[in-house]
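Residue numbers (my numbering), protein chains in the order written: chain H, 1 to 283; chain V, 1 to 586. Idealized CB from N, CA, C, for every residue including glycine. Quick caveat, the model's predicted, so the values are computed rather than measured. The structure appears right after this line, and notes come after that.
This is the structure in structure tokens:
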């Protein structure tokens, strides 16, 4: 039996080296900026994205669209020449149209092979972690069912927390209600958010970025043991450093990955955001 | 002695008394020896207690420990009694239990301020003791006071002696002793009033803060006047109810008017615009609330819109012309509208405007709604911007009643509600409203925020996703994370906590305690910031009041930023009356 093919999208934020080594197929999100439309991870790095955003005039609300149905049809068609088992694992359906597009494309091949489209209910490094786990299992010869079971078992152990400076990005696509987005109009209030079951959920609010660092640290320190953790930011370099120092003290010897927010997530969080992605130790 | 007392009790309760079946006994309406109180007698006593308190209201108001223009005890107790009286004003019920029940209900809903809430609890305990009793004797009255005292003590988390609680307890003790030796109610009431008076005088020796301020407890004094008024009524002295109140007698006269006019039931709906240069919106609002119903007063120092229901339309207009220039006067006779075929509800709907409870955004509230008391329009906006569904205006100077808080709770579509009183003198009313709302089927929790910044701090910790219990815990913790400074003017000379202030001095309070004074509000702001250790804070917030204009506030902000360059600073129009600045550091 041929081995399971793993498909994901650029929101998973995996390095080309890793995707190549684990044979992961990545379809890019399209990022729409005033300067043009770019393919995430192909002709647009996070640094490019934030530079273009800064250079754009006026109030810019960039958008992202997931890989199109046609792209999926095309990729699945090519894959089916090599395997009859595909695991297509994507950015939360609450944040992107990717899952819907993949599911539509899958219908083209109904009965001819097994394509499982799984909504990760996660994003960015969280999604990347799930994809990597599935790819390692596939490489080890596990079948599609086992890969899916592994992914589903891991999903509840991934936590994403963010501190966000501006809310229109979340409000625009109904990711957050207008009442919540109204926050911060009077006082300079920054909400703390959690991505839970694929949705952006407001937690509490803080008035200074120091308080935000405290809260993010508090959230992480509720986990006794971390298997994997990454700190993402843009526009919060100083705070990222402060958070990192606190985390390294609390979890000595534990490596924390430092990353910029990737564009397909950053379109939702705005130009200034900081977050932590945690994979807790699964007992 | 003991056996003698119990004998009396037994013989009293066992004695068949035809008067109980027939309604008022002749004895109950003559002065002199009083054995029983019936419904009309109790009603007259309540009216007298209310009137006597009204007459001495300002004396009670002057007893505030802190010389700050905060919700005055006399006014709060008076408004609580007024609400109680309104429940029975129209009643001709002969049954004591019905009158007492109505009084308790009215007082509960109308309770304002901590003293008003405790007063309502006393009345509730008494009503409970009088249940099923068409008439009461001296022993019943003593038991009523005892139960009133016990209910009041239970209603307070940490009962403090030297307050209204001590006064009701000692009054109840005296009542029981007196009733044990004499059936005459005049005798018993004389002992009650004497004991209450003595208890009031003792309050400074029990509560050091009173002794330091050189006053007796205001709530205790207010209760004393109510009891004294009741005593005078029973003794046969006339105590006229406050003038602005319609009496049932007046209404009966109107009903038999030869021109066949409709009876005065609703009075007049009066609206006008008031123009001036230095209008005191809060004072105007207080006057309207005190003299009318459904008072709605909005505006600023140059223009105020007034809308009020009164029985005498000349009163608010006369008051208005004293304050400034009035235009756009509208006076509607609501009784005439009723006579023209509108139902009472139509009339009310057509004309009534409830107190300004801001409507909410129902879709976006989440499963838990929040009600907050805001002392000014700017602060109301801040609370709304933080997701508060129901803002009740008030706090400083005018404490909202349980009823007003309940209306805001009821207006929220959520089953669970968090209530932020944002003023130490509103906390008990908030707890009363929470209990009442819970009885009606909502779950309401009070976060005991003592200042507006504490309320804001609690709101930031509010998490829509968390359960009510978790939110209550985290929000209560957030109260401690913030210091509040308040700048106002002393309303009287005072010597307190080693500080001597004179009426008119600018004073500063740190977390509700007088800590500094100075020549100007600005100077007091800097004194407070130093006391708040603002140099160690992350963020300083300044909410400026309605007496401060934006340019002054900005100038002060510049000075603060120069002295505290390491702190984030926000300057916000709070719009609160009387308090030039409310500061917070966190």
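How would you list, in chain order, the residues of chain V whose beta-carbon sits under 8 Å from the beta-carbon of residue i?
{"i": "residue 276/H", "result": "None at all; the shortest Cβ gap to chain V is about 17 Å."}
Could you work out which residues of chain V lie near residue i, taking near to mean beta carbons separated by less than 7 Å?
{"i": "residue 202/H", "result": "464"}
{"i": "residue 211/H", "result": "538"}
{"i": "residue 205/H", "result": "460"}
Spatial neighbours of residue i within its chain, please: C-beta separation below 6 Å, excluding the five flanking residues on both sides.
{"i": "residue 124/V", "result": "104, 151"}
{"i": "residue 30/H", "result": "37, 65"}
{"i": "residue 363/V", "result": "Caution is warranted here: a pLDDT of 44 is assigned to residue 363/V, below 50, making its placement in the model unreliable, and the coordinate value is therefore given only provisionally. Hits under 6 Å: none found."}
{"i": "residue 229/H", "result": "256, 278"}
{"i": "residue 147/H", "result": "4, 87, 134, 137, 138"}
{"i": "residue 166/H", "result": "270"}
{"i": "residue 280/H", "result": "157, 223"}
{"i": "residue 496/V", "result": "212, 213, 514"}
{"i": "residue 194/H", "result": "161, 201, 203"}
{"i": "residue 428/V", "result": "114, 117"}
On a CA-only basis, which of the options is nearest residue i? Give me that one, please.
{"i": "residue 301/H", "options": "277/H, 5/H, 234/H, 163/H", "result": "Not covered by the structure: residue 301/H. The range shown for chain H is 1 to 283."}
{"i": "residue 272/H", "options": "86/H, 278/H, 262/H, 110/H", "result": "262/H"}
{"i": "residue 36/H", "options": "20/H, 55/H, 19/H, 270/H", "result": "55/H"}
{"i": "residue 64/V", "options": "491/V, 447/V, 310/V", "result": "491/V"}
{"i": "residue 120/H", "options": "84/H, 280/H, 153/H, 269/H", "result": "153/H"}
{"i": "residue 123/H", "options": "28/H, 197/H, 12/H", "result": "12/H"}
{"i": "residue 569/V", "options": "558/V, 579/V, 414/V", "result": "558/V"}
{"i": "residue 81/V", "options": "95/V, 109/V, 130/V", "result": "109/V"}
{"i": "residue 27/H", "options": "198/H, 51/H, 42/H, 138/H", "result": "42/H"}
{"i": "residue 547/V", "options": "489/V, 307/V, 391/V", "result": "489/V"}
{"i": "residue 519/V", "options": "133/V, 487/V, 160/V, 196/V", "result": "487/V"}
{"i": "residue 43/V", "options": "98/V, 61/V, 62/V", "result": "98/V"}
{"i": "residue 272/V", "options": "298/V, 369/V, 451/V", "result": "298/V"}
{"i": "residue 147/V", "options": "135/V, 157/V, 163/V, 176/V", "result": "176/V"}
{"i": "residue 92/H", "options": "200/H, 238/H, 188/H", "result": "200/H"}
{"i": "residue 129/V", "options": "100/V, 116/V, 106/V", "result": "100/V"}
{"i": "residue 624/V", "options": "96/V, 514/V, 483/V", "result": "Outside the displayed range of chain V (1 to 586) lies residue 624/V, so it cannot be described from this structure."}
{"i": "residue 474/V", "options": "499/V, 446/V, 498/V, 495/V", "result": "446/V"}
{"i": "residue 141/H", "options": "22/H, 16/H, 75/H", "result": "22/H"}
{"i": "residue 235/V", "options": "209/V, 96/V, 48/V, 541/V", "result": "48/V"}
{"i": "residue 450/V", "options": "163/V, 437/V, 476/V", "result": "476/V"}
{"i": "residue 214/H", "options": "192/H, 227/H, 197/H", "result": "192/H"}
{"i": "residue 275/H", "options": "253/H, 267/H, 234/H, 282/H", "result": "234/H"}
{"i": "residue 154/V", "options": "181/V, 180/V, 187/V, 119/V", "result": "119/V"}
{"i": "residue 134/V", "options": "223/V, 55/V, 36/V", "result": "36/V"}
{"i": "residue 239/V", "options": "531/V, 50/V, 438/V, 493/V", "result": "50/V"}
For residue i, which residues of its own chain have a beta-carbon under 7 Å away from its beta-carbon, when the five flanking residues on both sides are left out?
{"i": "residue 193/V", "result": "227, 228, 231"}
{"i": "residue 151/H", "result": "89, 118, 130, 133, 134"}
Interface residues of chain V around residue i at Cβ under 9 Å?
{"i": "residue 208/H", "result": "538, 539, 568, 586"}
Closer than 8 Å by C-beta to residue i: which residues in its own chain qualify, once you throw out the five before and the five after it? Chain order, please.
{"i": "residue 3/V", "result": "Caution applies to residue 3/V, whose pLDDT of 37 falls short of 50 and renders its modelled position unreliable; the model cannot decide the point."}
{"i": "residue 217/H", "result": "243, 246, 247, 250"}
{"i": "residue 155/H", "result": "120, 121, 122, 130"}
{"i": "residue 2/H", "result": "82, 83, 84, 85"}
{"i": "residue 521/V", "result": "487, 506, 548, 580, 581"}
*Using a Cβ cut-off of 8 Å, which residues of the region 409–421 of chain V contact any Cβ in chain H, in chain order?*
none
*Between the region 79–92 of chain V and the region 131–143 of chain V, are three or more C-beta pairs nearer than 8 Å?*
The region 79–92 of chain V vs the region 131–143 of chain V: no contact.
*the region 89–105 of chain H contacting the region 46–53 of chain H, beta-carbon criterion three pairs below 8 Å*: The region 89–105 of chain H, when compared against the region 46–53 of chain H, does not touch it at the 8 Å Cβ threshold.
*asked:* So if I threshold CB-CB distances at 9 Å, which residues from the region 561–574 of chain V count as touching chain H?
replied: Cβ contacts with chain H: 568, 570, 572.
_Three CB pairs or more closer than 8 Å across the region 485–505 of chain V and the region 456–468 of chain V_ = Segments in contact, no.
_Cβ pair count under 8 Å reaching 3, the region 201–213 of chain H against the region 103–119 of chain H_ = no
_I'd like to know if the region 410–422 of chain V and the region 450–459 of chain V are in contact, where contact means that at least 3 CB-CB pairs between them fall below 8 Å._
Using a Cβ-Cβ distance cut-off of 8 Å, the region 410–422 of chain V and the region 450–459 of chain V are in contact, since at least three pairs of beta carbons, one from each stretch, lie closer than that value.
*Just checking, does the region 372–380 of chain V make contact with the region 561–576 of chain V on the three C-beta pairs under 8 Å criterion?*
They touch, by the three-pair rule.
_Three-pair Cβ contact test at 8 Å for the region 71–80 of chain V versus the region 213–221 of chain V_ = By the Cβ criterion, the region 71–80 of chain V is in contact with the region 213–221 of chain V, since at least three pairs of Cβ atoms, one from each stretch, lie closer than 8 Å.
*asked:* Check whether the region 384–392 of chain V and the region 428–446 of chain V are in contact - that is, three or more C-beta pairs closer than 8 Å.
replied: Segments in contact, no.
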